[in-house]
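A.B. asks:
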Amino acid sequence: MPHDAHDDHSELGEMDVRVRALQTVLAQKGYIDPAALDVLIDTYQTKIGPRNGARVVARAWTDAAFRTWLLEDASAAIASLGYTGRQGEHMIAVENTETRHNMVVCTLCSCYPWPVLGLPPTWYKSAPYRSRAVRDPRGVLAEFGVHLPESTEIRVWDSTAEVRYLVLPQRPEGTEALSEEELAELVTRDSMIGTGLPLPKRDAR
Amino acid sequence: MTYTSHADLGGKEGFGPVVQEPEALKFHAPWEQRALALTLAMGATGTWNIDMTRSARETLADYDRLTYYAIWLKGLGRLIVEHGLAERDEIAAGRMLHGAAPVQRVLNAHDVPETLARGTPTARSATTAARFALGERVRTRAGEIPHHTRLPRYARGKIGVVDRVHGPHVFPDTNAQGLGEQPQWLYTVVFDGRELWGSRSTPNLSVSIDAWEPYLEPLR
Chain Y
0 MPHDAHDDHS ELGEMDVRVR ALQTVLAQKG YIDPAALDVL IDTYQTKIGP RNGARVVARA
60 WTDAAFRTWL LEDASAAIAS LGYTGRQGEH MIAVENTETR HNMVVCTLCS CYPWPVLGLP
120 PTWYKSAPYR SRAVRDPRGV LAEFGVHLPE STEIRVWDST AEVRYLVLPQ RPEGTEALSE
180 EELAELVTRD SMIGTGLPLP KRDAR
Chain A
0 MTYTSHADLG GKEGFGPVVQ EPEALKFHAP WEQRALALTL AMGATGTWNI DMTRSARETL
60 ADYDRLTYYA IWLKGLGRLI VEHGLAERDE IAAGRMLHGA APVQRVLNAH DVPETLARGT
120 PTARSATTAA RFALGERVRT RAGEIPHHTR LPRYARGKIG VVDRVHGPHV FPDTNAQGLG
180 EQPQWLYTVV FDGRELWGSR STPNLSVSID AWEPYLEPLR
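Those sequence lines, one after another, are chains Y and A.
The opening residue of the first sequence carries number 0 in numbering that gives the first Met the number 0; numbering runs sequentially from there.
The opening residue of the second sequence carries number 0 in numbering that gives the first Met the number 0; numbering runs sequentially from there.
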């Protein structure tokens with residue numbers, strides 16, 4: 000065990016050295032501002048993540064006009080909450096219903112709606128999900144603990160262009176009394192990719 | 000000339016189960032964050048476009064064996080060398096050994112929020128009418144494509160229905176080759192699961208791709 004830990008450490012150390020070496024060359028040539036790297040890292044570490052998307056979903060659950068706007072022009076509706084830009088320039092929201100469940104994948108790389116969901120999780124970018132989401136979505140969903148009846152249509156959206164998809168999950172039952180903020184707590188990242196469902200009321204985060 | 004993408008994984012078998020991770024886990028090591036930031040900062044110089052980036056990554060011979068950010072880092076190194084911004088000996092040495100090449104822009108720290116918020120929209124204004132209409136049946140192009148493309152193999156030579164019409168967008172097939180944006184109408188085309196996977200497809204499955212007009216032909 001200590002031996003493995005040591006090997007891991009060396010490998011990480013090697014990658015760290017390589018990245019630093021590249022950064023040094025690019026900075027010496029004047030192509031990059033090292034301070035910009037820190038801002039970029041901080042942005043995706045602390046500012047942009049799935050809580051943004053959760054606010055969009057909670058708004059759609061509580062405001063019928065916003066829901067309609069989101070389904071008709073997701074880019075504008077989402078921008079009205081302040082979430083715009085890189086990897087979310089052209090947004091489409093797709094709504095789950097009693098009869099249809101939506102699931103999003105990028106089989107060709109890792110396209111994902113950054114402004115609302117942040118950076119994609121490793122599994123979203125990895126071969127098992129990318130290969131199976133389009134062919135065996137029920138099997139994938141089962142691994143995520145989601146079991147849908149065979150009568151439910153599963154619609155998989157393969158993000159092959161610069162259009163980015165956000166799943167609008169169904170509002171959990173028994174949440175009529177919750178505020179928009181409390182509802183947002185029920186919205187998981189996976190429920191907005193379509194590999195999960197929102198938390199039931201009692202499991203609020 | 001053959002072009003081999005190692006990234007076109009849709010429908011392939013043998014990769015095993017999906018390995019989940021908690022929502023809070025964003026990076027596995029600090030170097031991953033830095034690889035991301037370097038990629039974004041160098042992208043902002045305007046020396047290459049996103050389609051060239053994808054092409055540089057998907058054709059890495061060891062794509063299958065690299066982790067995600069290792070692919071990004073190797074792809075970035077390749078772009079930097081191919082576009083004459085640095086040479087291999089400099090990247091290996093970790094310091095500048097040759098002169099710098101001019102770049103269009105340098106992303107400064109104070110410009111990062113606005114640059115990210117603006118993004119890089121790919122929609123372009125229409126100069127031609129759309130060839131296909133909502134609800135129309137179309138067939139996707141079949142066979143080998145000898146350059147970067149966004150038409151996945153599993154969806155080639157298949158019959159689908161136009162489900163959304165997005166307007167003209169930058170065409171990756173030419174943009175990746177340095178042949179310009181050549182905007183083409185973009186559609187969402189939806190296929191029945193049985194069309195893609197045969198009669199043993201899971202019930203009630205439909206799969207859509209976003210497809211540019213040259214990927215499609217009318218079904219008559």
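We put the beta carbon where it would ideally sit given N, CA and C, even for glycine.
Counting only C-beta atoms, is Y:V186 closer than 8 Å to chain A at any point?
C.D. replies: The sequence position of residue 186 of chain Y within the first sequence is 187, counting from 1. No, because no Cβ of chain A sits closer than 8 Å to the Cβ of Y:V186.
A.B. asks: Just reading off the alpha helix (DSSP H) that A:T114 is part of, what are its end residues?
C.D. replies: As a working mapping, residue 114 of chain A is identified with position 115 in the second sequence. Taken as a continuous stretch (DSSP letters only), the alpha helix (DSSP H) holding A:T114 covers 111-117.
A.B. asks: Between the alpha carbons of A:A210 and Y:E184, how many angstroms are there, rounded?
C.D. replies: Working through the second sequence from its first residue, we reach residue 210 of chain A at position 211. Working through the first sequence from its first residue, we reach residue 184 of chain Y at position 185. Looking at the backbone, the Cα of A:A210 and that of Y:E184 are separated by about 36 Å.
A.B. asks: May I ask which residues mark the beginning and end of the beta strand (DSSP E) holding A:L204?
C.D. replies: Looking up residue 204 of chain A in the second sequence gives position 205. First-last of the beta strand (DSSP E) with A:L204: 204-211.
A.B. asks: Under 8 Å between the Cβ atoms of A:Q121 and A:V169?
C.D. replies: As a first step, residue 121 of chain A is located in the second sequence; it is residue number 122 there, counting from the start. As a first step, residue 169 of chain A is located in the second sequence; it is residue number 170 there, counting from the start. Here residue 121 of chain A turns out to be Thr, not Gln, going by the sequence shown. Their beta carbons are under 8 Å apart, which means A:T121 touches A:V169 by this criterion.
A.B. asks: Which chain Y residues are close to A:N203, counting only those with a beta carbon under 8 Å from its beta carbon?
C.D. replies: Position 204 of the second sequence, counted from the start, is the residue given in the question as residue 203 of chain A. Ordered by position in chain Y, the residues that pass the 8 Å Cβ test against A:N203 are E149, S150, T151, E152, I153.
A.B. asks: Would you say Y:L69 and Y:A63 are within 8 Å of each other, going by their C-beta atoms?
C.D. replies: Counting from one through the first sequence, the residue named residue 69 of chain Y turns up at place 70. Counting from one through the first sequence, the residue named residue 63 of chain Y turns up at place 64. Cβ distance not < 8 Å, so Y:L69 and Y:A63 don't count as in contact.
A.B. asks: What residue range is occupied by the uninterrupted alpha helix (DSSP H) comprising A:R193?
C.D. replies: The count along the second sequence starts at 1 and reaches residue 193 of chain A at position 194. 192-196 is the span of the alpha helix (DSSP H), which, as asked, contains A:R193.
A.B. asks: Assign A:I90 to one of three DSSP states: helix, strand, or coil.
C.D. replies: Here residue 90 of chain A refers to the residue found at position 91 of the second sequence. The answer is helix: DSSP assigns A:I90 an H, G or I state.
A.B. asks: Does the CB of Y:V55 have a neighbour CB from chain A at under 8 Å?
C.D. replies: Here residue 55 of chain Y refers to the residue found at position 56 when the first sequence is read from its first residue. Taking Cβ atoms only, chain A never reaches closer than 8 Å to Y:V55, which makes this a no.
A.B. asks: Any contact between the region 148-161 of chain Y and the region 104-117 of chain Y? By contact I mean 3 or more CB pairs, one from each, below 8 Å.
C.D. replies: yes
A.B. asks: According to DSSP, is A:G159 part of a helix, a strand, or is it coil?
C.D. replies: Numbered from its first residue, the second sequence carries residue 159 of chain A at position 160. If DSSP states are grouped into helix, strand and coil, A:G159 belongs with the strands.
A.B. asks: Shorter than 8 Å from the beta carbon of Y:V145 to some beta carbon of chain A?
C.D. replies: Locating residue 145 of chain Y in the first sequence gives position 146, where the first residue counts as 1. False, the Cβ-Cβ gap to chain A never drops below 8 Å.
A.B. asks: Identify whether Y:A73 lies in helix, strand or coil by the three-state DSSP scheme.
C.D. replies: To locate residue 73 of chain Y, count along the first sequence from 1; it is residue 74. In this structure, Y:A73 counts as helix in the three-state DSSP scheme.
A.B. asks: Just how far apart, CA to CA, sit Y:T174 and Y:E181?
C.D. replies: By one-based count along the first sequence, residue 174 of chain Y stands at place 175. By one-based count along the first sequence, residue 181 of chain Y stands at place 182. A direct Cα-to-Cα measurement between Y:T174 and Y:E181 gives close to 9 Å.
A.B. asks: Go through the region 8-91 of chain Y residue by residue and report every complete run of the alpha helix (DSSP H) that reaches 4 residues or more, in order.
C.D. replies: 33-41, 49-61, 63-71, 73-78
A.B. asks: Between the region 114-134 of chain A and the region 51-61 of chain A, do at least 3 Cβ pairs fall closer than 8 Å?
C.D. replies: Fewer than three beta-carbon pairs drawn from the region 114-134 of chain A and the region 51-61 of chain A are found closer than 8 Å, and the two stretches are therefore not classed as touching.
A.B. asks: Note down, in chain order, each residue of its chain lying with its Cβ closer than 6 Å to the Cβ of Y:T194, except the 5 sequence neighbours on either side.
C.D. replies: Sequence index remark: in the first sequence, residue 194 of chain Y carries index 195 (1-based). Same-chain partners within the cutoff: F143.
A.B. asks: By the DSSP assignment, the beta strand (DSSP E) with Y:W156 in it spans what residues?
C.D. replies: Position 157 of the first sequence holds residue 156 of chain Y. That run of the beta strand (DSSP E) goes 152-157.
A.B. asks: Are the beta-carbon atoms of A:T139 and A:R155 separated by less than 8 Å?
C.D. replies: Position 140 of the second sequence, counted from the first residue, corresponds to residue 139 of chain A. Position 156 of the second sequence, counted from the first residue, corresponds to residue 155 of chain A. Their beta carbons are under 8 Å apart, which means A:T139 touches A:R155 by this criterion.
A.B. asks: For A:Q183, which residues in chain Y fall below 8 Å Cβ to Cβ?
C.D. replies: Residue numbering aside, residue 183 of chain A sits at position 184 when the second sequence is read from its first letter. Neighbours of A:Q183 on chain Y: none; closest Cβ ~10 Å, over 8 Å.
A.B. asks: Excluding sequence positions up to five away, which residues of its chain have a Cβ less than 7 Å from the Cβ of A:L72?
C.D. replies: Position 73 of the second sequence, counted from the start, is the residue given in the question as residue 72 of chain A. A34, listed in sequence order.
A.B. asks: Is it a yes or a no for the region 13-27 of chain A touching the region 76-86 of chain A, going by three-plus beta-carbon pairs under 8 Å?
C.D. replies: no
A.B. asks: In terms of residue numbering, what span does the alpha helix (DSSP H) encompassing A:N107 cover?
C.D. replies: By 1-based counting over the second sequence, the position of residue 107 of chain A is 108. No alpha helix (DSSP H) holds A:N107; DSSP gives it neither H nor E.
A.B. asks: Could you name the residues of chain Y that A:T121 contacts, counting a contact when the two beta carbons are closer than 8 Å?
C.D. replies: Stepping through the second sequence from its first residue, residue 121 of chain A is reached at position 122. Under the 8 Å cutoff, chain Y gives E88, H89, A160, E161.
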